[in-house]
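Numbering (the working numbering), first residue to last: 24 to 404.
Data first, discussion second: the structure below is written as structure tokens.
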Ligand SMILES: Nc1nc2c(ncn2[C@@H]2O[C@H](COP(=O)(O)OP(=O)(O)OP(=O)(O)O)[C@@H](O)[C@H]2O)c(=O)[nH]1
Ligand SMILES: [Mg+2]
């Protein structure tokens, strides 16, 4: 139906509207009306009032289409939004840049090395080994290259050279130097920063000593600070069916240790403390003091710490506790395990175990020169 405009004339406006509706139906649109005054020829001074009404008959279909075509409207909105998005967001999203620490090798410091020795040192530096440590570890595996007058590897492979160097520069306490044949009473305290894996690994050790060495093991927890710590330790002790004690002061620790005469190894769990918190480290020391006569501490260090920080950790913990070995954890969480060389070489402390994951008791290995070499060279992770 087409749009239709009609004009009606008459003296009564309402009548005109009614007439239009009668003729065109209810869907009319009044466009406009005007009043006109006509002169009556026989009464020139009197004028007659009339109306002129302009009416449009609306095309229902067209109206509906214009008003309610949601799809068309939606399409229009979408195209507007799309246009806006084009300017707001780059069309191709670039992958985030891969950020790397720049290698800053001071070749002047390596001028005495050549060939494979230089290649191996570069590999070590790439793994986070300190440059002086790398040189010190490699030297025992080198000989003089007559052509250049510099040092080169004597060994056939990197692994052999590194293993030899490690044997010469690092001492190993193996499984805490436990001699199963001698009836000694040993007390080992696990100390270290927060969350490095002290409790978990203490129970891996307990399990290893019981199952593989048939030793009598007892566990004492001095961690009465952390919520849930006692429950965590009790849970493992129950599984292993070993004596377990909770202790909050030096006097009680001493008394308990004296009562444990028939036990071969007592493992002491401590609360993790920041190496910068002198007050809290002092609190832990105050409790452990009760067992200092027998005790050796193993410093638990996570391999994913940055190298400089680990030196501060060792220095600070050593000033509070009788640290006799380094116990490494979380080797599975780093690609730069340089501290496996840095710490023992720089501090002279022997190394004991390495924790390779979260499973108790499986994820644990006694450290050996070959094993450290494998981790450093990326053969193992
Ligand atoms: N990936 C990985 N996780 C480990 C390793 N050793 C321990 N963990 C996890 O590290 C978390 C903390 O372990 P805990 O044994 O509670 O650490 P902690 O040093 O006793 O912690 P605090 O007592 O709070 O100082 C746990 O989720 C362990 O499962 C490891 O070698 N690798
Ligand atoms: Mg703990």
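Beta carbons are placed, not taken as given, at the ideal position from N, Cα and C, and that holds for glycine.
Check, Outcome
"With a cut-off of 8 Å, do at least 3 Cβ pairs link the stretch 182–190 to the stretch 335–349?", "no"
"When you compare each of 313, 389, 293, 302 to residue 280 by their alpha carbons, which one comes out closest?", "313"
"Locate the beta strand (DSSP E) running through residue 323, then write down its first and last residues.", "318–325"
"With DSSP run on the structure shown, which of helix, strand or coil describes residue 352?", "strand"
"Could you pull out every unbroken beta strand (DSSP E) segment of at least 3 residues lying fully inside the stretch 159–244, listed in chain order?", "165–168, 173–176, 209–214, 240–244"
"What three-state label does DSSP hand residue 56 in the structure shown?", "strand"
"So what's residue 403 in DSSP terms, helix, strand or just coil?", "coil"
"Among the candidates 156, 147, 141, whose CA atom is the shortest distance from the CA of residue 165?", "141"
"Spatial neighbours of residue 370 within its chain, please: CB distance less than 6 Å, with the 5 preceding and 5 following residues excluded, ordered by chain position.", "337"
"Of all the options 377, 345, 364, which has the alpha carbon lying nearest to the alpha carbon of residue 351?", "377"
"Look at the alpha carbon of residue 329 and the alpha carbon of residue 134, and state the distance between them as a whole number of angstroms.", "27 Å"
"Find the nearest neighbour of residue 355 within the set 277, 79, 148, 220, judged by alpha-carbon distance.", "220"
"Can we say the stretch 223–232 touches the stretch 259–276, given the rule of at least three CB pairs closer than 8 Å?", "yes"
"Is DSSP giving residue 30 helix, strand or coil here?", "strand"
"How big is the Cα-Cα spacing for residue 218 and residue 295?", "7 Å"
"I'd like to confirm something about residue 381: is its beta-carbon nearer than 7 Å to some heavy atom of ligand 1, or not?", "yes"
"Check whether the Cβ of residue 242 lies closer than 7 Å to any heavy atom of ligand 1, and answer yes or no.", "no"
"Roughly how many whole angstroms lie between the Cα atoms of residue 195 and residue 282?", "31 Å"
"Could you have a look at residue 382 and say whether DSSP puts it in helix, strand or coil?", "coil"
"My output table needs one value for residue 364: the three-state DSSP class, helix, strand or coil.", "helix"
"What did DSSP end up calling residue 155 once you bin it into helix, strand or coil?", "helix"
"Examine ligand 2 and report whether any of its heavy atoms sits within less than 7 Å of the Cβ of residue 246.", "yes"
"Once you ignore the five residues that flank residue 239 on each side, which residues in its own chain have a CB closer than 6 Å to its CB?", "286, 287"
"Does the Cβ of residue 382 have 16 or more other Cβ atoms within 10 Å, making it buried, or fewer, making it exposed?", "exposed"
"Would you tell me roughly how many angstroms separate the C-alpha atoms of residue 393 and residue 321, rounded to the nearest one?", "22 Å"
"Rounded C-beta distance between residue 33 and residue 74? I'm assuming under 8 Å.", "6 Å"
"Answer with buried or exposed for residue 298, where buried requires no fewer than 16 other C-beta atoms within 10 angstroms of its C-beta.", "buried"
"From residue 273 to residue 401, what distance separates their C-alpha atoms?", "44 Å"
"Where DSSP assigns a beta bridge to residue 292, which residues make up the other side?", "213, 244"
"Any heavy atom of ligand 2 within a distance shorter than 7 Å of the CB on residue 157?", "no"
"Please determine whether the Cβ atom of residue 235 lies at a distance below 7 Å from any heavy atom of ligand 2.", "no"
"In whole angstroms, what separates the C-alpha of residue 70 from that of residue 64?", "9 Å"
"Return yes when the Cβ of residue 292 is within less than 8 Å of the Cβ of residue 245, no when it is not.", "yes"
"Name the DSSP bridge partner or partners of residue 346?", "320"
"Run the proximity test for residue 321: is its beta-carbon closer than 7 Å to any non-hydrogen atom belonging to ligand 1?", "no"
"What three-state label does DSSP hand residue 359 in the structure shown?", "coil"
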